[in-house]
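Per the numbering used here: the sequence shown = residues 3 to 463.
A virtual CB, placed ideally from N, CA and C, is assigned to each residue, including glycine.
The structure appears right after this line, and notes come after that.
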Amino acid sequence: MTMQHVSVPADAGIDSLSMRALSFARNPLFTGDVPVLHGPNPYRRMLVPDALAEVDFTRPLGAGDWPTHRSLAAHRLLGTFYEAETVLLPEQGLTGLRGDFDAFYGEELRRLREGTLSDLERFAFGCLSDEVDVSGTCTTDVLEAYFQHVTTESEQGESPALNAIAAARRPEVAADTYLVQLALDGLTEASAMSRNLAGAYGPEQSALFKIFIDEFGYGVYETKHTTIFAKMLRSRAMATHVHAYWNFYLSGPLATNNYYYYLSRDHAKFFRYAGAVTYAEAVFAPAFVKMIKTYREIFGDDVDLHYCDEHAHIDEHHGRITRDQVLLALAERHGPGVVPELMRGIAEARLIGGWFEEDTAAQIRWADDIPHHRELGAAAEHAGEPQYVVRTAESPFGTRSHDREAVLVLERGEADLVTSATGEPERLVRGDAVLIPAGRVYGVSAVSPECRYLLHDTARP
Ligand SMILES: [Fe+2]
Ligand SMILES: [Fe+2]
């Protein structure tokens with residue numbers, strides 16, 4: 003046996019988050035597979051280590067960074083860390099997957115996660131403290147008035163994502179893209195909430211538990227919210243396993259899902275969690291009413307919306323319980339000292355919910371109009387040295403985005419440009435160019451045995 007001497011770079015301390023992130027992502031569980039969708043194996047999810055290696059982890063995400071590639075890469079990693087703290091078993095059983103189960107939950111990856119998680123959270127969510135400012139007098143009355151204000155605003159406001167679906171040239175594909183984003187939480191619903199059930203905190207604990215058991219169908223698997231979510235996917239002929247659509251989750255939805263885990267993991271953030279979950283439960287009901295309207299217009303009776311009907315109904319109830327028996331009850335019991343944190347949770351949940359919507363809307367618009375982006379790509383000016391990418395028919399499929407606008411030019415072979423999980427990919431032949439707006443997610447799979455493309459920067463901010 004030979005010993006390898008590894009020299010540790012001088013900046014190891016500063017940049018060790020990036021090294022730890024990469025050692026995790028380079029585990030064979032996370033290096034991807036040829037098919038565009040992930041198979042029924044909850045332990046494998048493509049973390050695109052090559053693209054992750056580009057991420058500068060020394061500079062935390064800023065408030066305006068949510069649609070960047072840095073954010074996508076970090077939130078994919080963070081989401082994987084959080085889900086590794088939950089129990090995931092494949093529906094078809096573990097036969098043939100025992101090795102992956104052992105690796106996913108095993109000591110090597112667990113130690114890497116434990117040594118990375120707090121730094122990664124600071125990288126991903128540190129910006130919230132700059133973005134949300136809670137100051138002034140914080141009484142229960144102020145809290146109640148603020149809550150009333152933001153929930154009315156949400157109820158009366160429009161959904162950018164649903165508007166983008168309605169305006170799309172292919173509304174079915176756009177509607178599927180929205181379902182994909184919901185699947186991230188929909189297939190593992192209320193997992194973060196479960197972390198706030200233990201302990202002893204009085205009647206508010208029982209109120210939260212009441213909501214939790216509703217999410218779990220009162221112990222009846224057929225009525226569990228994840229089960230009826232899967233029914234909705236099935237009615238669209240979509241896959242229902244965790245996480246078939248991993249490659250298509252956007253950074254806004256990933257950040258939203260991760261946010262609730264972030265608050266639930268650390269009970270110092272319990273009051274923020276209480277604010278955030280109350281906001282979420284209160285805005286779900288009217289949001290699902292709008293979704294039902296949009297989906298009925300597109301699909302008529304050809305989609306199973308039991309999941310949306312259930313939430314339009316039960317979240318009205320959950321909105322009331324969380325407001326009266328969790329949010330306001332905690333403020334009364336624990337006094338003005340906790341009110342700023344309750345308010346902060348509401349404000350952050352509102353902010354991040356906005357990222358979910360904006361990101362999904364932007365992806366729908368771009369995936370729906372590739373012909374226009376071909377024209378823009380052909381006309382765009384290039385700056386600096388391009389990056390060369392070679393892919394073969396055996397290359398694992400992964401998606402990514404770029405922090406800045408880029409132009410992809412196919413130089414050799416033929417390839418498919420994939421921008422949505424259920425739409426037809428765009429065939430690219432030699433000389434074809436496509437402009438990829440900053441933050442938009444795409445993947446390329448070679449159609450010929452090998453293809454080569456260039457990525458140019460357009461020098462636009
Ligand atoms: Fe639910
Ligand atoms: Fe609910």
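Query	Result
CA-to-CA distance, residue 451 to residue 76, given in whole angstroms	32 Å
Beta-carbon gap between residue 20 and residue 57 smaller than 8 Å	yes
Residue from 108, 40, 146, 74 with nearest C-alpha to residue 87	108
Residue closest to residue 329, alpha-carbon to alpha-carbon, out of 433, 145, 218	145
Distance CB(residue 443)-CB(residue 418) smaller than 8 Å	no
Proximity of residue 300 and residue 426 at Cβ, strictly below 8 Å	no
According to DSSP, residues forming a beta bridge with residue 438	408
Three-state secondary structure (DSSP) of residue 250	helix
For residue 296 and residue 140, the rounded distance between their alpha carbons	39 Å
Classification of residue 235 by the beta-carbon crowding that lies within 10 angstroms, buried from 16 upward	buried
Top-ranked residue by Cα proximity to residue 111, from 31, 138, 90, 209	31
Range covered by the alpha helix (DSSP H) that runs through residue 1	Any question about residue 1 goes unanswered here, given that the chain covers just 3 to 463.
7 Å Cβ shell around residue 276 - same chain, five flanking residues per side excluded	328, 329, 332, 344, 347
Cβ-heavy atom distance, residue 230 to ligand 2, below 7 Å	no
Beta-carbon proximity list for residue 238, same chain, < 7 Å, skipping 5 on both sides	178, 181, 305
As assigned by DSSP and simplified to three states, the class of residue 457	strand
Pairwise C-alpha distance: residue 48 and residue 458	24 Å
Local conformation of residue 19 per DSSP, three classes	helix
Beta-carbon separation (whole angstroms), residue 25 vs residue 114, contact threshold 8 Å	6 Å
When 45, 342, 66, 62 are compared against residue 83, the one with the closest alpha-carbon	45
Proximity to residue 246 [Cα-Cα], best of 28, 462, 41, 23	41
Residue range of the unbroken alpha helix (DSSP H) whose run includes residue 187	173 to 188
Cutoff 6 Å; reference residue 378; Cβ partners in own chain excluding five residues on either side	437
Residues near residue 6 in its chain [Cβ-Cβ closer than 7 Å; skip 5 each side]	Bear in mind that the predicted position of residue 6 carries a pLDDT of just 41, short of 50, making it too unreliable to give a figure here.
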